[in-house]
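Each residue of the sequence shown is one higher than the one before, counting from 3 in this note's numbering.
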Amino acid sequence: MDWFWWVLIIFWTGGFAWAADNIRTALRNRHERRMQLMEAARQERLAVEAAHQPPEPVCGCTHHLAKHDKQGRCHERVEVPTAWDENKKPLRYEAGQCNCQQYVGPQPLSQVFAEELTDRA
Ligand SMILES: [Zn+2]
Ligand SMILES: [Zn+2]
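Given below as structure tokens:
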């Protein structure tokens, strides 16, 4: 019966190693697949969020819509250089007003329009 035990041992060890290898590979593949799915879902959610979010109402002068009055003039305080060194680098600043004449950024949806949308949903 000696040969039988040898065959069995070889089969066990070899078989276990093979099975363990397969399981490890399968688990790793499943893990990778899950990570890919999670990443895809995350990208999708970000895209949906971006699509639902109105664009930041920021003007070309880099200041927010709220800083502009009804006529479109920007009231944001800015630093205006008043003195320069020989390399034309500003040395001193003075508080001034942004000289933007008109808001040119995206317009946010009006409150009425937003309420209509939420009522329908
Ligand atoms: Zn502006
Ligand atoms: Zn401005």
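Glycine included, every Cβ here is placed at the ideal spot set by N, Cα and C.
Being a predicted model, the structure only gives us computed values, none of them experimental.
In the structure shown, R30 adopts helical secondary structure according to DSSP, grouped into three states.
Within a 10 Å sphere around the beta-carbon of Y105 sit 16 or more other beta-carbons, which makes this residue buried. Under the Cβ criterion (8 Å, minimum of three pairs), the region 84-95 does not count as touching the region 58-76.
If you ignore the 5 residues before and after G98, its C-beta comes within less than 6 Å of the C-beta of V80, V82, all in its own chain and listed in chain order. R94: member of the beta strand (DSSP E) spanning 92-99, first to last residue. For W86, DSSP records a beta bridge to P92. The closest CA to that of E58, considering only G107, W5, F6, is found on G107.
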